[in-house]
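J.: Residue numbers (my numbering), protein chains in the order written: chain A, 2 to 272; chain B, 302 to 570; chain C, 23 to 299.
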Amino acid sequence: MPVSTTPQGTPSWRLHTTRTQWLQYLGWLAGACLFLLCWKVISDNTMWVFVEDAGRQGSDLISRMLPPQWSYAHRLWGPMWDTLNIATLGTLLGIAMAFPVAFLAARNTSPHPLVRSAALLIIVSSRSINSLIWAMLLVTILGPGVLAGIIAIALRSIGFIGKLLYEAIEEIHPTPVEAISATGAGRMQVMGYGVLPQVMPAFAGISVYRWDINIRESTVLGLVGAGGIGLQLNAAINSLAWNQVSVIFVMIFVTVLASEWISARVRHAII
Amino acid sequence: MSRQAKAQAGQWRRLPLIENPRLRWGLVLGLAVYLVLALASVEVNWTRVAEGAGRGLNFLAAFTQPDFVSRRGDIINGILESLTMTVTSTVIGVALSIPVGLGAARNIAPWPIYYLCRGIITVSRTFQEIIIAILFVVMFGFGPLAGMITLAFATIGFMAKLLAEDIEDLDWRQVEAVRATGANWWQTMNHAVQPQVMPRLIGLSMYRLDINFRESAVIGIVGAGGIGATLNTSISRYEYDTSAAILLIIIAIVLLCEYSSSHIRRWTQ
Amino acid sequence: MLTLSQVTKRYPTGDRALTDIDLNLPRGQVMALIGPSGAGKSTLIRCVNRLVEPTSGSIRLEDTELTRLSGAALRRARRSMAMIFQEYALVDRLTVMENVLSGRLGYVGFWRSFTRRYPQEDIAEAFRLLDRVGLPHAMDKRADALSGGQRQRVGIARALIQSPRLLLVDEPTASLDPKTSRQIMRLIRELCAERELAAIINIHDVALAQQFADRIVGLRAGQIVFDGKPGELDADTLTTIYGEEEWDTRVQDDIGESTSPREVPASRLMLASGGAS
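1. Could you tell me which residues DSSP pairs with Thr-117 of chain C in its beta bridges?
2. Helix, strand or coil, according to DSSP, for Trp-14 of chain A in the structure here?
3. Hey, Ile-263 of chain C and Ile-56 of chain C: beta-carbon distance below 8 Å or not?
4. Write down the C-beta distance between Gly-355 of chain B and Gly-527 of chain B rounded to the nearest angstrom, noting that I regard them as a contact closer than 8 Å.
5. Once DSSP output is grouped into helix, strand and coil, what is the label at Ser-59 of chain C?
6. Would Thr-389 of chain B pass as a contact of Cys-34 of chain A if the rule is Cβ separation under 8 Å?
7. So if I threshold CB-CB distances at 7 Å, which residues from the region 82–110 of chain C count as touching chain A?
8. For Asn-321 of chain B, count the other beta carbons within 10 Å of its own beta carbon; 16 or more makes it buried, fewer makes it exposed. Which is it?
9. Short of 8 Å Cβ to Cβ, which residues in the region 436–452 of chain B face chain C?
10. On the three-state DSSP scale, how would you describe Val-191 of chain C?
11. How would you list, in chain order, the residues of chain E whose beta-carbon sits under 7 Å from the beta-carbon of Phe-136 of chain C?
12. Within its chain, find whatever has a CB closer than 8 Å to the CB of Val-255 of chain A; leave out the 5 residues flanking it on each side and keep chain order.
13. Do Lys-63 of chain C and Leu-241 of chain C have their C-beta atoms closer together than 8 Å?
14. Since I believe Leu-222 of chain A is in contact with Leu-93 of chain A (beta carbons under 8 Å), could you give me their beta-carbon distance rounded to a whole number of angstroms?
15. Any residues in the region 118–142 of chain C with a beta carbon nearer than 9 Å to a beta carbon of chain B? Which ones, in chain order?
16. When you check each C-beta in the region 50–79 of chain A against every C-beta of chain B, which residues fall closer than 7 Å?
17. Return helix, strand or coil for Gln-172 of chain C, following the three-state DSSP convention.
18. When you compare the CB positions of Val-113 of chain C and Val-176 of chain C, do they come within less than 8 Å of one another, or not?
19. Where do the ends of the alpha helix (DSSP H) carrying Arg-266 of chain A lie?
20. Compare the Cα-Cα distances from Thr-391 of chain B to each of B:Leu-328, B:Gly-524, B:Ser-517 and report the closest residue.
21. Closest by CA to Ile-551 of chain B, which one among A:Gly-32, A:Pro-68, A:Ser-126, A:Ile-63?
22. On the three-state DSSP scale, how would you describe Val-178 of chain A?
23. Unbroken alpha helix (DSSP H) runs of length 4 or more, entirely within the region 424–464 of chain B: which are they?
24. Strictly by DSSP, which residues pair up with Asn-46 of chain C?
25. Mind checking Tyr-110 of chain C: buried by the 16 CB within 10 Å criterion, or exposed?
26. May I ask you to list the residues that DSSP assigns as paired with Ser-22 of chain C?
27. Phe-248 of chain C by DSSP, collapsed to three states: which one?
28. Who are the Cβ neighbours of Gln-274 of chain C in its own chain at under 6 Å, not counting the five residues just before and after it?
29. Given a cut-off of 8 Å, decide if Gly-193 of chain A and Ile-271 of chain A are closer than it, judged by their beta-carbon atoms.
30. Is Asn-533 of chain B buried or exposed, if buried means 16 or more other CB atoms sit within 10 Å of its CB?
31. Beta-carbon of Gly-206 of chain A versus every beta-carbon of chain C: anything under 8 Å?
32. Is the number of C-beta pairs between the region 431–438 of chain B and the region 462–474 of chain B that are closer than 8 Å three or more?
33. How would you write the range of the alpha helix (DSSP H) that Val-350 of chain B sits in, first residue to last?
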């Protein structure tokens, strides 16, 4: 009871009761202990000599990066084109796979609870595993190259698009669906007329948003051999050519900003 | 003939999405040309793919018999390291993202601070965690500290951007009401801004915790600590049963994270 | 034409929505179903086209037993029972023409409907109906660009293009203003007469029901408590349907001089205008 009576007989007010207040303190204490414990583990695993050196290393790194070796840029157009293709084709492939999965995962369109659980499992597995891990796996399976990158991006996109889309499907108005069923329409027709028009804007927005994220992710897939500008990045880092690395960074920066701008414009136009 | 007259005679077509036919067909053509060019530039070594198909099947089969045991020590160490990196980086990142987020909100920050904070956010969001991890590994040496700093830096960009957007469209009347009582800047923040922003901040922190864990599983590839290194080794040695075990653990922890965060969000709202 | 016998609906929660409903609707009759909220009106008409599954009892449309149908046979039966909804239930992002044509979905195959290649006579009929309900110019507008009354007209056109034998109408006027409500009810009435359609109309507004229906059925707590001609409805029967209320109050007695009778909600005018059809 937040309102209590003091010994003098005047009522006093506090935000919390004594019990909740103690529980809050305990919660904070437990959180702080957990944090300190984690910090201890990290600091045990750290060579502090290197860390003391970090400032010097950092300034050294920057001095080697500047000035960027601009002449290197013309060798990056090919890899950049590959990066774009990995992101775009990967997104398209991901959309194609995520679309049916989302319909199977949404409570109101799923044919059977078992199918729904299977679809949710696909979505969770795809979401939990980073595209780089998918790429590592696919490179050992398919061999290095753009194809592994495309499939890695697609596999990771299923979970993202699938999750957001099935949530959108679950939020549609049920009455138009009811009305379409009442005309004697078949199951697929109800989907096509009752559900699809309602989720189309959300679907387009989600896809463009994911494309934007995929551009970002595809820039690093090359680090594990899956094609694109990451291959050049890896080579430059391994040969300690930091003035080439900085050119690649600028390139990535500009591309990502451009894709973010495009995606924001398209999403704005849809809504 | 107008569309109405046509419809009367039973001739009707759906309205095209883009009215201008030249633009419509231009877009279709452009898309087709792009697809052809893009697909043509994908080089596939089919003999290598055929060779790998067997390995792909091995990998799928490994999920039925994941091997948790033979690299038990590495897996436990890696997961613990990942978890500690996740917790510390989320706490530090969220704490730092609050001032950056306040500074990046157009309605309360003066413009030099606004541009500085927006700059930090843009840089942090543009580069993948793994690129930033490479730089921090060079600076701080191998190990979880570099990973933690990487994740904290990425957290700042993510949280501060969303926080700034939240503050930009918060209900200004409440702020005015508190200010009208004669409250100073800190009191206004505490009584008018914090209650409006807090529930979403907690929800986003939980979400970011989840993301940080997933990211902590990959930055080990470049030597920034966590389970990634173990996973990388097991994949490149074709020890798919160990990789399957690690992936299953990651999926389980992400599921657990999501489940508990939905509870915490319901509890705070 | 439509015969319900012993129809009972119990929801999984244990609530009895309908208990032993017996009802017979001849061809061409317009029947209004009145009753308080939660009396089971919506459940009753949704049991007829099986949007809600009745728990027991039989529902026959001419020679077809509806309760045992499933799959394609159910869809075929639904074609002959068109439904009009309270919140119009149009698909907002489709155009008016597409919404009307969606009434033909039970007759065309999936790909034809998906690519919008409907038979020529369907399109001509859709346009004729749009013309009949007064919206030929709105053909290419999106459904969410229309006003409430216009949307309900589109809803009616969609129902009629099904070429139904029976109309199931669920609170057609609940979201409309009094004038539009009357226009919509008159339109439904006229169309039923033109095409010899039977109709069950769920309606809250007793005055409208009396004005436009041939027959009134009162439902209370899932049971039929009144069944008769509009003229037979008096204060006592209204009390049995809705419960105690001063039904006889004349509008003129209890409104201020500043309000004109036109602005009074139509339900208050109930007995003042009763039986004026």
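C-beta atoms are modelled at their ideal positions from N, C-alpha and C, and glycine is treated no differently. Nothing here was measured: the structure is a model prediction, and the numbers come from that model.
T.: Let me spell this out:
1. Thr-117 of chain C has C:Arg-164 as its beta-bridge partners, per DSSP.
2. In this structure, Trp-14 of chain A counts as strand in the three-state DSSP scheme.
3. yes
4. No, Gly-355 of chain B and Gly-527 of chain B are not in contact; Cβ-Cβ is about 30 Å, not under 8 Å.
5. coil
6. no
7. Arg-97, Arg-98, Arg-100, Arg-101, Met-105, Phe-107, Glu-109
8. exposed
9. none
10. Strand at Val-191 of chain C.
11. Of the chains in the structure shown, none is chain E; the protein chains are A, B and C.
12. none
13. With respect to the 8 Å criterion, Lys-63 of chain C and Leu-241 of chain C are classified as neighbours on the basis of their beta carbons.
14. That pair is no contact at about 16 Å.
15. Met-119, Glu-120, Leu-123, Thr-137, Arg-138, Arg-139, Tyr-140, Pro-141, Gln-142
16. Phe-51, Val-52, Ala-55, Gln-58, Gly-59, Leu-62
17. helix
18. no
19. 243–271
20. Of B:Leu-328, B:Gly-524, B:Ser-517, the residue nearest in Cα terms is B:Ser-517.
21. A:Ser-126
22. helix
23. 430–441
24. DSSP lists C:Thr-25 as partners of Asn-46 of chain C.
25. buried
26. Outside the shown range of chain C (23 to 299) lies residue 22 of chain C, about which nothing can therefore be said.
27. strand
28. For Gln-274 of chain C, the predicted model reports a pLDDT of 48, less than 50, meaning its position is unreliable and no value from the coordinates is stated.
29. Their beta carbons are not under 8 Å apart, which means Ile-271 of chain A does not touch Gly-193 of chain A by this criterion.
30. buried
31. no
32. With a cut-off of 8 Å, the region 462–474 of chain B and the region 431–438 of chain B do not count as touching, because too few Cβ pairs lie within range.
33. Note, Val-350 of chain B: alpha helix (DSSP H), 347–363.
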